[in-house]
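In the working numbering, the protein residues as written are 12 to 384.
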C-alpha cells in the first residue's frame with residue numbers, strides 16, 4: 012500500500028498536498044509494408060538533454076484525479092493508472108508507483124533498443140533473417156504456420172513492424188536476440204534513465220514460468236503449451252501465477268512508462284527520424300480496439316502498445332494499454348492503464364475507455380486551444 016503523496020506520484024516535485032492527493036495515498040494479420048525511416052519527419056523533437064519538469068497540480072488536474080479515483084473504486088480487480096501531460100508537465104493517477112505485469116507492453120522496449128542501435132550504427136534494419144523452428148515461441152499462430160512451412164524470412168525492419176502492429180511473439184523474440192538479449196534491454200533502460208521498468212527473460216521462459224512449467228521447445232507446437240499447463244496440479248499452477256502477480260518478472264510502474272513515453276515523444280530517446288518511425292509504427296497497432304482507442308473522438312489519435320497475460324480461473328495476469336493520446340490542437344498526454352482483472356467480462360477494457368474519455372473531457376474543458384475539425 013502506498014503511504015504518501017510522494018510515493019503515489021513517483022517522488023514528483025509536488026508543492027501542493029491536496030485532499031485528492033491524500034485520497035490517492037489511502038486509497039494476427041498479414042504484415043503490411045513497414046514505415047521507412049527516411050520518409051518520416053518529426054517536428055517536435057527536442058535536444059536529448061531536456062529534462063522532465065513536473066508541474067504542481069492545479070484544481071482542474073486534481074478534479075481529474077478525483078474522477079480517476081472514483082472510477083477505479085468500482086473496478087473488479089487491481090489497477091494502476093498514470094496520466095502525464097507532455098505539454099503541461101503535470102501528472103496524476105492511481106497506484107502510479109506500483110509494479111504491474113507488462114506482458115506485450117515490453118515489446119516497446121525491444122523496438123526502442125532496435126532503433127537505438129540503429130541510430131548508433133550498430134544494427135542494420137535491412138538485414139534479412141529467416142525464422143526457423145529454433146525461433147518458435149508461443150501463440151502468434153499465423154507466423155508460426157509460416158515458419159513451419161519452411162521458414163519465415165523478414166528484414167529486421169519488418170520484424171519490428173510485426174512486433175508492434177500485430178504483437179507477434181516470434182518476431183519480437185528474434186529482435187530480442189538480434190539486439191543482444193534481455194541484458195541489452197535492461198542496459199538500455201538504465202542508460203536512458205527510464206526508471207522502474209523491468210525486462211523478463213523473453214516470451215518462452217517467462218510464460219512457462221508464469222504457468223508453472225519448465226520450458227521445452229515442444230511447447231511451442233500446436234496446443235502443447237495449453238495442454239501441459241492444464242495437466243499441472245491446481246496448487247502448482249496457482250502458486251506460480253500468484254508469484255508472478257506478487258512480484259512480476261516484467262513489472263513496470265505506470266509512472267515510469269508515461270515518463271518514458273513523454274521522453275520518446277519529445278525526441279529525447281532517439282534521433283528525430285527514428286523517433287517518428289517508432290511512433291508512427293505504434294500508431295498502426297491492430298490490437299486493443301476495445302481499449303483506449305474506443306474512447307477517441309473525431310480528430311483525436313492514440314498511438315499505443317497493448318499487453319495481455321495468461322488467464323487463470325478468470326483472473327488475467329496483466330491486461331494493459333499504454334500510449335500517447337493526442338488532441339486535434341496538437342496537445343499530447345502519455346497514458347498508462349495497467350490492470351489485473353478478476354474477470355474476463357470486459358470490465359478492464361471498459362475502465363480503459365473511461366480513462367481515455369476522462370482525459371479527453373479534461374482537455375476539452377480546461378486545456379484545449381481553439382481548433383476546428
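Beta carbons: idealized from backbone N, C-alpha and C, even for Gly.
Residue 316 is bridged by DSSP to 333. Only buried fits residue 321, as 16 or more other CB atoms lie within 10 angstroms of its CB.
Rounded to the nearest angstrom, the gap between the Cα atoms of residue 265 and residue 248 is 27 Å.
Contact annotation: the segment 118-133 touches the segment 270-288, with at least three C-beta pairs closer than 8 Å. Residue burial annotation: residue 115 is buried, with at least 16 other C-beta atoms found within 10 angstroms of its C-beta. Comparing alpha-carbon positions, the option among 113, 105, 101 and 84 lying closest to residue 327 turns out to be 113.
In the three-state DSSP reduction, residue 79 falls in the helix class (H, G or I). Under DSSP, residue 165 shares a beta bridge with 140. Per DSSP, residue 99 lies in no alpha helix (DSSP H) segment and is marked neither H nor E.
The criterion of a C-beta distance shorter than 8 Å is satisfied by residue 276 and residue 335. In this structure, the beta-carbon distance from residue 340 to residue 317 does not fall below 8 Å. For residue 154, the uninterrupted alpha helix (DSSP H) run begins and ends at 152-159, by DSSP. As DSSP reads the structure, residue 93 sits in a beta bridge with 104 and 347. Here residue 227 is exposed. Its C-beta has fewer than 16 other C-beta atoms within 10 Å. In the three-state DSSP reduction, residue 338 falls in the coil class, being neither helix nor strand. Per DSSP, residue 265 is one residue of the alpha helix (DSSP H) stretching across 265-276. Residue nearest to residue 379 within the set 361, 362, 352 and 343 is 343 (criterion: CA-CA distance). CA-to-CA, the gap between residue 197 and residue 267 works out to about 14 Å.
Residue 187 holds the alpha-carbon nearest to the alpha-carbon of residue 142 among 323, 205, 369 and 187.
The C-beta distance from residue 176 to residue 292 rounds to 7 Å, short enough to meet the 8 Å contact threshold. In this structure, residue 314 lies away from residue 79, with their beta-carbon atoms at least 8 Å apart. For residue 152 and residue 74, the gap between their C-alpha atoms comes out near 45 Å. When the Cα atoms are used, residue 70 and residue 373 turn out to be separated by approximately 12 Å. Between the alpha carbons of residue 203 and residue 123 lies a distance of about 11 Å.
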